[in-house]
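Note sheet for the following structure.
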Amino acid sequence: MGEVPGVAKAHVGGQLPLSFFDRDPREVAPDLLGAILVSTAGGAVAGGIIVETEAYLGAHDPGSHAATHGMTPRNAVMYGPPGTVYVYFTYGNHYMLNLICGPEGEAGGVLIRALEPTIGLDTLRSRRAGRPDRELANGPGKLAAALGIDLTHNRTTLGEGDLVVYDSAVPSDPVVETSGRVGLSAGHELELRYFVADSSHVSRGRTGPPRTGRARRATHAREGAHDETR
DNA sequence: GACGTGATTGTA
DNA sequence: ACAATCACGTCC
Numbered sequence: 004m005g006e007v008p009g010v011a012k013a014h015v016g017g018q019l020p021l022s023f024f025d026r027d028p029r030e031v032a033p034d035l036l037g038a039i040l041v042s043t044a045g046g047a048v049a050g051g052i053i054v055e056t057e058a059y060l061g062a063h064d065p066g067s068h069a070a071t072h073g074m075t076p077r078n079a080v081m082y083g084p085p086g087t088v089y090v091y092f093t094y095g096n097h098y099m100l101n102l103i104c105g106p107e108g109e110a111g112g113v114l115i116r117a118l119e120p121t122i123g124l125d126t127l128r129s130r131r132a133g134r135p136d137r138e139l140a141n142g143p144g145k146l147a148a149a150l151g152i153d154l155t156h157n158r159t160t161l162g163e164g165d166l167v168v169y170d171s172a173v174p175s176d177p178v179v180e181t182s183g184r185v186g187l188s189a190g191h192e193l194e195l196r197y198f199v200a201d202s203s204h205v206s207r208g209r210t211g212p213p214r215t216g217r218a219r220r221a222t223h224a225r226e227g228a229h230d231e232t233r
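If you're matching positions, the first sequence starts at 4 in our numbering and goes up one per residue.
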């Protein structure tokens, strides 16, 4: 469905069954690396290869939205059936895409953190105008923006709405590296982040911010260009 | 390195 | 009702 002329989809295999997600998030998260996430939001096909994920568990995971306080209106979706899409809004700006894992009634999910863009590049580029290709989706907020994901996708099911995850047609056997999860005040010490070791499309390496290496050489050579106030 | 931005949540 | 928090991105 939704063929896109000119787009190489040769690497896309079959759709992952929902049973794929009926496991512990710590198993699903690394297994998703190399799979292909496709969005048809807004009527345009866009997607790429998943290169970075994080696992979130239930009540005993201090970094999870399901931690300690039980079910709330927001996190109730985390207790839903495997393959459910959980999108939430944070920092006043950003949407985060998660895929719910484990049996219904048990909270757990995987945050999709970064993508290597391969499908609908023109769409991805227009949604992330001005950024180089490696920064189209190298972070969870950027990824959601690039794929046109928002709260309308929350509580939908993979394969039934705008979002689908496909297996890779080519046997990709990426070298998986782990690290602590990013951006958490609690639970960041748990090594539940998984990423493709040699990918240049991840949000960061094992330590430290992205090695895009451009912030570093921002010498203030161009002082005179005073700008509109800010 | 510092802010914006607004929903969600626990607390008063 | 209120204030803290936040699974981030951008520009300085």
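Note that CB positions come from ideal geometry on N, CA and C, so glycine has one too.
Item                                                                                                                                                                   : Value
In whole angstroms, give me the CA-to-CA distance for Arg137 and Arg130.                                                                                               : 14 angstroms
Which two residues bound the contiguous alpha helix (DSSP H) that contains Leu127?                                                                                     : 124 to 130
If we require 3 or more residues per run, which beta strand (DSSP E) segments fall completely within the stretch 95 to 160?                                            : 97 to 103, 112 to 122
Need the endpoints of the beta strand (DSSP E) that Ala32 sits in, please.                                                                                             : Looking at the DSSP string, Ala32 is not in any beta strand (DSSP E); the run it does join, the alpha helix (DSSP H), is 28 to 34.
Whole angstroms is fine: what's the gap from Ile115's alpha carbon to Tyr169's?                                                                                        : 14 angstroms
Could you give the residue range of the beta strand (DSSP E) that holds Val185?                                                                                        : First-last for Val185: undefined, no H or E at that position.
Shortest alpha-carbon distance to Gly16 belongs to which of Gly133, Asp27, Ala132, Ser175?                                                                             : Ser175
Just mark His63 as buried or exposed, buried being the case when its beta carbon has 16 or more other beta carbons within 10 Å.                                        : exposed
Alpha carbon to alpha carbon, how far is Gly151 from Glu192?                                                                                                           : 31 angstroms
Of the choices Ser22, Gly61, Gly211, Ile39, whose alpha-carbon is the least far from that of Glu119?                                                                   : Ile39
Could you give the distance in angstroms between the alpha-carbon of Ala58 and the alpha-carbon of Cys104?                                                             : 9 angstroms
Report the residue from Gly86, Ser67, Arg209 whose alpha carbon sits nearest the alpha carbon of Gln18.                                                                : Gly86
Indicate whether the contact test is met: 3 or more Cβ pairs, each with one atom in the stretch 153 to 170 and one in the stretch 179 to 192, closer than 8 angstroms. : no
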